[in-house]
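So that you can map any letter, position 2 of the sequence shown is 2 in my numbering, and since no number is skipped, the others follow by simple counting. For glycine and all other residues, C-beta sits at the position ideal for the given N, C-alpha and C. A short worksheet on the structure shown next.
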Amino acid sequence: MKEINSENLEIKKAKKGDFRQIFRLLKQLWPQKDLSQKKLLPQYKKQLKYLTKIFFVLILCKKIVGLFSLTVKSNKTLYVPELVVDEKHRGHGIGKAAMAFIASYAIINNFKKLQLHSRPKRKEAHNLYTKLGFKKTFSIFKMSWCFTKNLEQKRTIAALKEARL
Ligand SMILES: CC(C)(COP(=O)(O)OP(=O)(O)OC[C@H]1O[C@@H](n2cnc3c(N)ncnc32)[C@H](O)[C@@H]1OP(=O)(O)O)[C@@H](O)C(=O)NCCC(=O)NCCS
């Protein structure tokens, strides 16, 4: 597989028609959950309509190979509820590219912090977040690690380029 870069990996806001691919990836994210497409579709449509959660899809050679979602936790903190790369495409830099995009998107939109929670067994994800400078603390309430990163408040050209905005 070719190296992932901004030329071959597209990151776009998800559309209604992406739901089947999104559902396929959510099943990979939560294999232990009995997810129902029928129940999730109306929720997804609502989130698209009211922008309570924004889904982005990661596209490689016209195929959706990953997704992440974003919500606003406060006016200062951007929260990442979901991030998953298709199991066939892991280990090639897509997760890292997604996180770089998220950080740039947050900076451009004047957020001061990025945050997410992650279950203890998700070692690959924890390596990714730690490598990117996230600090981790344990949340007993969520029985998960809470990863937080303070962002540099500079609207850098690099950030704009990374987010391709
Ligand atoms: C976590 C996840 C999104 C990473 O995506 P990816 O495209 O495979 O990640 P990348 O190839 O960009 O790797 C980035 C870093 O993640 C870590 N990582 C990725 N795969 C790893 C593995 N198999 N073992 C250990 N660390 C790993 C490494 O630190 C890596 O950096 P490096 O390549 O410089 O060593 C992906 O593994 C995934 O979807 N996992 C299942 C769902 C999940 O856990 N989501 C996170 C929810 S909090």
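Local Cβ density within 10 Å of Gly95, reported as buried at 16 or more and exposed below that: buried
Which of the three DSSP states is assigned to Ala130 in this structure? Per the sequence shown, residue 130 should be read as Thr rather than Ala. Residue state, collapsed to three classes: helix.
What's the call for Lys38, buried or exposed, on a 16-neighbour Cβ count within 10 Å? exposed
What do you reckon, is the C-beta of Asn127 under 7 Å from a heavy atom of ligand 1? yes
Which residues mark the beginning and the end of the alpha helix (DSSP H) in which Phe101 is found? Ile94 to Ile108
Mapping DSSP to helix, strand and coil, what is Leu165? Confidence in Leu165 is poor, its pLDDT being 48 and thus under 50, which makes the residue's placement unreliable; the coordinate value appears in the next sentence. For Leu165, the three-state secondary structure derived from DSSP is coil.
Near Asn150, which residues of its chain fall below 6 Å by C-beta distance, leaving aside the five closest residues on each side in sequence? Lys113
How big is the Cα-Cα spacing for Glu87 and Phe111? 31 Å
Helix, strand or coil: which one does DSSP assign to Lys49? helix
Any heavy atom of ligand 1 within a distance shorter than 7 Å of the CB on Lys33? no
N-terminal and C-terminal residue of the alpha helix (DSSP H) that Ser27 is part of: It should be pointed out that residue 27 corresponds to Lys in this sequence rather than to Ser. Counting along the chain, the alpha helix (DSSP H) containing Lys27 begins and ends at Phe19 to Leu29.
If you reduce the DSSP assignment to three classes, tell me which class Lys33 lands in. In the three-state DSSP reduction, Lys33 falls in the coil class, being neither helix nor strand.
Lys38 - DSSP class collapsed to helix/strand/coil: helix
Identify which residue in Lys15, Ile107 and Thr52 has its Cα closest to the Cα of Leu67. Lys15
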